[in-house]
């Protein structure tokens, strides 16, 4: 298990702001963004105007899944496919099998995760990764 820490509200807000700024500039579909702590508990959440209602819950669940699995949701989905294991085997209705959840690390420790939803899985993953880079560079 990775060493764990706690993400502060200010750092979580900086990740969220980075993603929302980038999403606003690129002209793509609106997104929802959730940042959770290392236990999967919500720290900050925001959604752009016009985002699909389902994306609100999915963004939060992507972040939750990533934090609890200590993996990006993209890698988690790949491991499920490789093991031929259904996501239902985890018996957690919040687990989601879609890319867009990415771990957040700070000071060499896992501090949480970010989830993005509203675009294609690849675009969601890219936006979440950009937010994670912002935190890692601080």
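Residue numbers (the working numbering): 42 to 179.
C-beta: ideal position from N, C-alpha, C; glycine also.
Helix, strand or coil, according to DSSP, for residue i in the structure here?
i           : result
residue 172 : helix
residue 116 : helix
residue 161 : coil
residue 73  : strand
residue 92  : coil
residue 132 : coil
residue 83  : strand
residue 98  : helix
residue 126 : coil
residue 47  : coil
Can you check DSSP and say which residues form a bridge with residue i?
i           : result
residue 145 : 153
residue 107 : None; residue 107 has no bridge partner.
residue 67  : BP columns for residue 67 are empty, so no partner.
Express the C-alpha separation of residue j and residue i in angstroms, rounding to a whole number.
i           : j           : result
residue 51  : residue 57  : 10 angstroms
residue 184 : residue 122 : Nothing in the structure corresponds to residue 184, since the chain is present only between 42 and 179.
residue 177 : residue 145 : 7 angstroms
residue 139 : residue 115 : 7 angstroms
residue 129 : residue 47  : 29 angstroms
residue 107 : residue 172 : 14 angstroms
residue 82  : residue 89  : 21 angstroms
residue 102 : residue 156 : 7 angstroms
residue 112 : residue 174 : 15 angstroms
Check whether the stretch 86-98 and the stretch 54-74 touch, using three or more Cβ-Cβ pairs below 8 angstroms as the test. yes
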